[in-house]
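Trainee: Quick one: this structure, given as structure tokens, is what I'll be asking you about.
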């Protein structure tokens, strides 16, 4: 059935605390925020109901969910899963890369295994590194094993044999034997879920997929049934971790592709705005209550990585290897640091000021919320310094207790031998440093000069720090979108539907143009099978010098400039290029489905002029009295210079000295 | 710019990030599986006098040896009156200078500001083969340093943006695998290029004065934290002895006396065996690494790892012992095996001082595996290490099959091995019944079995804890010792844990690594955990009946 894009679309982002719903039509946008319910489908239905009957006319429902991530974090809802591997290799899943997550922690632990040893079953069979069969699948053993699985009360089975990335025949045979024995549950085989080399990462990906699939299948099918019952007939798409989208059927059988759908949405929203404004190098900066996330969008494409450690720990924005469950596949490359509005400041034993990683979250929240929080947070520092409204936020809906903020900071200022204002400034500077670290991870560390980027700042707390960070990174342009606090949900609608298709090459001197042609044919076939008629295709290759193991992903233009493109990038990153052969690891084609172009953020209510108020605030390294504007009262085209503060319903923009600001339809633009 | 404390802290944080970034650049551009898959390397930033400013968490055995090595390198260059010009890099692997063993090549780059050296960026990486008598270069047959492989005295590797080809080629051609060596050596330059870029940016931004103050400030911060933590130790004098197994059945004694006071910790290794003419000598840099590692575990890893964190640690190892040998005694195994025993003996000595923070002994060996031969007309060499069981801990079991103490390299993916060298892997799994029994049991060791697909392959195992088992604590039992089995035409023969042998097509070498010691009386172990281990096949019913006296408490079905 061809997908016809109606002008109206609905996005539903189910997070841990809130369910954000966004409706877009020719009139503009409508936004709703509701608490997430125990059964997330209930909140979705309730939210759609609130939008009224017109929502039933939507041409598309786009959905992001943290269901999978939460299941991995809490081990709730995961399927009772068995793993079948080769004889002699029962523990690949638990040994992992044989490395302890923390080097100097004598109480270090592995993440608890998704399949306990008793349920990791083995069978004789073997394929060689070249894909040839060395030993056939032991037919009798396979049957006995299948009986055991069928009787063992398992809901799901993962099958991963060595070298199956070259030849998955034994995995398919084993699956047939399981079915013949009447096993009714889900089966994931590694050669279909992740057909790339390195057995641990492939096993882990397959097991995570198997453990999540029954949960995801159940959730999505019940969601679809309830939606149909309530007369919502639009097709549902689930946002992928790479910012693409999947059908319900695909997401149910490959839940590993939708694990990071929520964080991806903010980056996809940024891409859309970047395209509208012709910004070809954007550094996204999304700061919420507990974390800040940074990512890049270059030439309107987010950066994508091919491995992610789900439910793992991070250290200064970098994920700690071995602390979570590795999943291979495409993920938007995000660096995340514990630096949000609720992040707590404290003093270590040697008397040094520290910020994070602990967070006051939403309960009890920052001290200034007056909801029982006693520890000083980043938000409290901003309130004490006058950077946030010291009386109320959310257009007056949320009262702020600046006295409690000050008291919380006094709690630690004595031990530092500093005044509370000095401490508050220190908190802001340290949190800026942590966020700059996240930004460096996705720019400098990937060989990109941040000064060539513009910052796109969003999330409730992002616009407060945006100028500081831009100065820290040497950046002179900042864009703050309208509704910055809800910008992520907007990504569900703004996103193009994309899907990546990969073909392994593993060779030197291979001409790629022909292979791209073939891959594009099969990509086009798969897209049409899912109902897409119009789509664009982009070409990429991954290469390395023969002998290296880590690849650079680069756009493909012609066979004749593959080499020079690669050498130039290697030189930029590492200081030299080599005369060695270039090995192409794989080629990739990304299919993009264009979306209606009307969905630009636009204010619904016209501006009504009111004069700015004034307050004392610490901005640009100095405390001074600055004008405070109300964003809703500023018509498009208004302009001015920092220092000043521009307050909006769901965020506050702090403009540093020497920055000029202009109000536009889509938000506010800052330059210096 | 005023150098307030927050600015100084920001500079120090950024230096740590820079060293992490160096490690990634090295991994991403390297050629050998040992670096690109296993990350057998480290990176750090130093001040001009060789004091450590920041070091990425890579490999503990490089924690103290990198600073020791750089200090020696600086001394060596000044003695030779060699001045490193701006933008150049020097490479060396002489362990008596750079501090580990010949396989580890150190590449250092000075960073200049206004004509003066203001910092160094340094990295160290393990090269799989540097020549010598066996593929992989670590051989019990080596009697001197030069028999262990190519000795690279400090030599310029990179000058004015170009490789010094004579250095690259001299080193690479001495190896069985020159192409891999070139790729890895150049990747070490990539790491320093990356680090130097970051350090220069910091100086340009905050000024040299702030940069220098940041170093002083971070030393002081770490020293203060260390002192506070040290106050929680019980003061006193402690001692312990542990053993390392020589290749011909003899024992090497490691003995340490530890004096803990309110302000410092002194280690005295008097009574340790004299240096030997096979490579179990550990250069002083390795010995110091062990001390730093153990103290970092006990003091807390949140203390920034810089010069100040280790200021209060004094190490005395008499010259001419296996923990402070003299050149040219061979040292290849000191870095990997003697270093592990050093960690064990230090933990053992400090146990009365910190009590339940110390775990029972881990498997205590890096289980080094080196292979090489000819395939398709060209030579190949391969190196990896295998994990062990960790010792039981006062609140939880030891981890099964994982790297312990002085190393934390990753395993080589089996699919990487099988597609690059003539080996088929037959087993890689936890070793049943190998863990030391205890209220909190030790971790299980691993079994890793390699089948040769070619005739005439040379296979070397360098492991320990074959006879002197990983000890338990507080009534916990020792873990099982290391075993190596060679199978030829269906006949299995046990060989010593330190062996070099030939494998022909179809022959199998199986390494069974040691389990960790148990913690506490096994009779106190929670019955449900015992049952779980039996269900999971980690322990047999028989083992459980004897070690855990389970028969009295519970009857197994």
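Protein chains in written order, with this note's numbering: chain A, 1 to 672; chain B, 1 to 557.
Backbone N, C-alpha and C define an ideal beta-carbon position, used for all residues, glycine too.
Here the structure is a predicted model, which is why all the values come from computation and not from measurement.
Of the residues B:458, B:430, B:431 and B:307, which one's Cα is nearest the Cα of residue 375 of chain B?
Mentor: By 1-based counting over the second chain, the position of residue 375 of chain B is 375. Nearest C-alpha to residue 375 of chain B: B:458.
Trainee: Could you pull the start and end residues of the beta strand (DSSP E) that residue 357 of chain A belongs to?
Mentor: Position 357 of the first chain holds residue 357 of chain A. First-last of the beta strand (DSSP E) with residue 357 of chain A: 353-359.
Trainee: Per DSSP, what kind of secondary structure is residue 528 of chain A in: helix, strand or coil?
Mentor: In the first chain, the residue the question calls residue 528 of chain A occupies position 528. Of the three classes helix, strand and coil, the one that applies to residue 528 of chain A here is helix, per DSSP.
Trainee: At 7 Å on the CB atoms, spell out the chain B contacts of residue 105 of chain A, in chain order.
Mentor: Within the first chain, residue 105 of chain A is the residue found at index 105, counting from 1. Simply 301.
Trainee: Taking the alpha-carbon of residue 573 of chain B as reference, which of A:37, A:100 and A:10 has the nearest alpha-carbon?
Mentor: Residue numbering for chain B in the displayed model covers 1 to 557; residue 573 of chain B lies beyond these limits and cannot be assessed.
Trainee: Please report the residue range of the beta strand (DSSP E) in which residue 158 of chain B lies.
Mentor: As a first step, residue 158 of chain B must be located in the second chain, where it is residue number 158. That run of the beta strand (DSSP E) goes 155-159.
Trainee: Mind the definition here: the stretch 433-445 of chain B touches the stretch 517-526 of chain B only if three or more C-beta pairs lie below 8 Å; say whether that holds.
Mentor: As far as the Cβ criterion goes, the stretch 433-445 of chain B touches the stretch 517-526 of chain B, which means the pair count is three or higher.
Trainee: Find the residues of chain B that neighbour residue 199 of chain A, judging by a C-beta separation of less than 8 Å, and give them in chain order.
Mentor: Sequence index remark: in the first chain, residue 199 of chain A carries index 199 (1-based). Those are 413, 414 and 415, listed as they occur along chain B.
Trainee: For the candidate residues A:489, A:619, A:459 and A:126, whose alpha-carbon lies nearest to that of residue 648 of chain A?
Mentor: Taking the first chain and counting its residues from 1, one reaches residue 648 of chain A at position 648. If we check each option's Cα against that of residue 648 of chain A, A:459 comes out closest.
Trainee: When the Cα atoms are used, what is the spatial distance from residue 78 of chain A to residue 33 of chain A?
Mentor: Translated into positions along the first chain, residue 78 of chain A becomes position 78. Translated into positions along the first chain, residue 33 of chain A becomes position 33. Whole-angstrom Cα-Cα distance: 28 Å.
Trainee: DSSP three-state call for residue 428 of chain B: helix, strand or coil?
Mentor: Walking along the second chain from the start, residue 428 of chain B turns up at place 428. Strand.
Trainee: Verify the contact flag: residue 281 of chain A, CB atom, against every heavy atom of the ligand ATP, threshold strictly below 7 Å.
Mentor: Within the structure as shown, the ligand ATP is missing, as the structure has no ligands at all.
Trainee: I need the DSSP call for residue 474 of chain A, collapsed to helix, strand or coil.
Mentor: Mapped onto the first chain, residue 474 of chain A falls at position 474. Three-state DSSP puts residue 474 of chain A in coil, outside helix and strand.
Trainee: Taking the alpha-carbon of residue 640 of chain A as reference, which of A:652, A:627 and A:650 has the nearest alpha-carbon?
Mentor: Here residue 640 of chain A refers to the residue found at position 640 of the first chain. Cα-wise, what sits closest to residue 640 of chain A is A:627.
Trainee: My output table needs one value for residue 326 of chain B: the three-state DSSP class, helix, strand or coil.
Mentor: For the purposes of this step, residue 326 of chain B is taken as residue 326 along the second chain, with counting starting at 1. Coil.
Trainee: Across which residues does DSSP place residue 618 of chain A in a beta bridge pair?
Mentor: Counting from 1 along the first chain, the entry for residue 618 of chain A is found at position 618. Paired residue(s): A:623.
Trainee: Can you tell me the Cα-Cα spacing of residue 482 of chain B and residue 337 of chain B, whole angstroms?
Mentor: Within the second chain, numbered from 1, the residue matching residue 482 of chain B stands at position 482. Within the second chain, numbered from 1, the residue matching residue 337 of chain B stands at position 337. So the alpha carbons of these two residues sit roughly 13 Å apart.
Trainee: Does the structure place the stretch 212-229 of chain B close enough to the stretch 296-312 of chain B that three or more beta carbon pairs sit under 8 Å?
Mentor: Result yes; three or more Cβ-Cβ pairs closer than 8 Å.
Trainee: Restricting to Cα atoms, I'd like to know which of A:254, A:657 and A:87 is closest to residue 127 of chain A.
Mentor: Stepping through the first chain from its first residue, residue 127 of chain A is reached at position 127. Of the listed residues, the one whose Cα sits closest to residue 127 of chain A is A:87.
Trainee: Using the three-state DSSP reduction, which class does residue 571 of chain A fall into: helix, strand or coil?
Mentor: Locating residue 571 of chain A in the first chain gives position 571, where the first residue counts as 1. The answer is helix: DSSP assigns residue 571 of chain A an H, G or I state.
Trainee: Output needed for residue 620 of chain A: all residues of its chain with C-beta closer than 7 Å, excluding positions within five of it in sequence on either side, in chain order.
Mentor: Against the first chain, residue 620 of chain A aligns to sequence position 620. Only 643, 656 and 657 meet the Cβ criterion.
Trainee: Going by C-alpha to C-alpha distance, which of A:426, A:346, A:224 and A:395 sits closest to residue 408 of chain A?
Mentor: If you number the first chain from 1, residue 408 of chain A lands on position 408. Nearest option by C-alpha distance: A:346.
Trainee: Taking only the alpha-carbon atoms, compute the straight-line gap between residue 354 of chain A and residue 348 of chain A and give it to the nearest angstrom.
Mentor: Position 354 of the first chain holds residue 354 of chain A. Position 348 of the first chain holds residue 348 of chain A. In a straight line, the C-alpha of residue 354 of chain A is about 7 Å away from that of residue 348 of chain A.
Trainee: DSSP has residue 477 of chain B in a bridge; who is on the other side?
Mentor: Taking the second chain and counting its residues from 1, the one referred to as residue 477 of chain B is at position 477. Residue 477 of chain B pairs with nothing; no bridge assigned.
Trainee: Out of A:202, A:144, A:148 and A:184, which has the shortest C-alpha to C-alpha gap to residue 168 of chain A?
Mentor: Translated into the one-based positions of the first chain, residue 168 of chain A becomes position 168. Cα-wise, what sits closest to residue 168 of chain A is A:202.
Trainee: In the structure shown, what three-state DSSP assignment does residue 534 of chain B receive?
Mentor: On the second chain, residue 534 of chain B is found 534 positions in, with the first residue counted as 1. Here residue 534 of chain B sits in helix by DSSP.
Trainee: Using the Cα positions of residue 597 of chain A and residue 494 of chain A, report the straight-line distance between them to the nearest angstrom.
Mentor: Against the first chain, residue 597 of chain A aligns to sequence position 597. Against the first chain, residue 494 of chain A aligns to sequence position 494. Below a pLDDT of 50, predicted positions are generally treated as unreliable, and residue 597 of chain A, at 49, falls in that range; the measurement from the model is reported next regardless. For residue 597 of chain A and residue 494 of chain A, the distance between alpha carbons rounds to 9 Å.
Trainee: Say whether chain A places a C-beta atom closer than 8 Å to the C-beta of residue 451 of chain B.
Mentor: Translated into positions along the second chain, residue 451 of chain B becomes position 451. Judged by the 8 Å Cβ criterion, residue 451 of chain B is not in contact with chain A.
Trainee: Determine the closest residue to residue 421 of chain B out of B:121, B:149, B:384 and B:281, with distance taken between C-alpha atoms.
Mentor: In the second chain, residue 421 of chain B corresponds to position 421, counting from 1. For the residues B:121, B:149, B:384 and B:281, the minimum Cα distance to residue 421 of chain B belongs to B:384.
Trainee: I need the straight-line Cα distance from residue 139 of chain A to residue 121 of chain A, nearest angstrom please.
Mentor: Within the first chain, residue 139 of chain A is the residue found at index 139, counting from 1. Within the first chain, residue 121 of chain A is the residue found at index 121, counting from 1. Roughly 15 Å separates the two Cα atoms.
Trainee: Rounded to a whole number of angstroms, what is the C-alpha to C-alpha distance between residue 197 of chain A and residue 320 of chain A?
Mentor: By 1-based counting over the first chain, the position of residue 197 of chain A is 197. By 1-based counting over the first chain, the position of residue 320 of chain A is 320. Their Cα atoms are separated by approximately 21 Å.
Trainee: Runs of 4 residues minimum, wholly inside the stretch 393-440 of chain B: which ones carry the alpha helix (DSSP H) assignment?
Mentor: Runs of the alpha helix (DSSP H) inside the stretch 393-440 of chain B: 414-420.
Trainee: Contact defined as beta carbons within less than 8 Å: I believe residue 401 of chain B pairs with residue 95 of chain A. What is the distance between those atoms, to the nearest angstrom?
Mentor: Start at 1 with the first residue of the second chain, and residue 401 of chain B comes out as number 401. Start at 1 with the first residue of the first chain, and residue 95 of chain A comes out as number 95. With 8 Å as the limit, residue 401 of chain B and residue 95 of chain A qualify as a contact, their Cβ atoms being about 5 Å apart.
Trainee: Answer with yes or no whether the minimum CB distance from residue 639 of chain A to chain B is below 8 Å.
Mentor: The residue labelled residue 639 of chain A in the question sits at position 639 within the first chain. By this cut-off, residue 639 of chain A is not an interface position.
Trainee: Please tell me whether residue 61 of chain B has its Cβ less than 8 Å away from any Cβ of chain A.
Mentor: If you number the second chain from 1, residue 61 of chain B lands on position 61. It does not: the Cβ of residue 61 of chain B has no partner Cβ on chain A nearer than 8 Å.
Trainee: Locate the alpha helix (DSSP H) running through residue 207 of chain A, then write down its first and last residues.
Mentor: If you number the first chain from 1, residue 207 of chain A lands on position 207. Unbroken alpha helix (DSSP H) run through residue 207 of chain A: 199-229.
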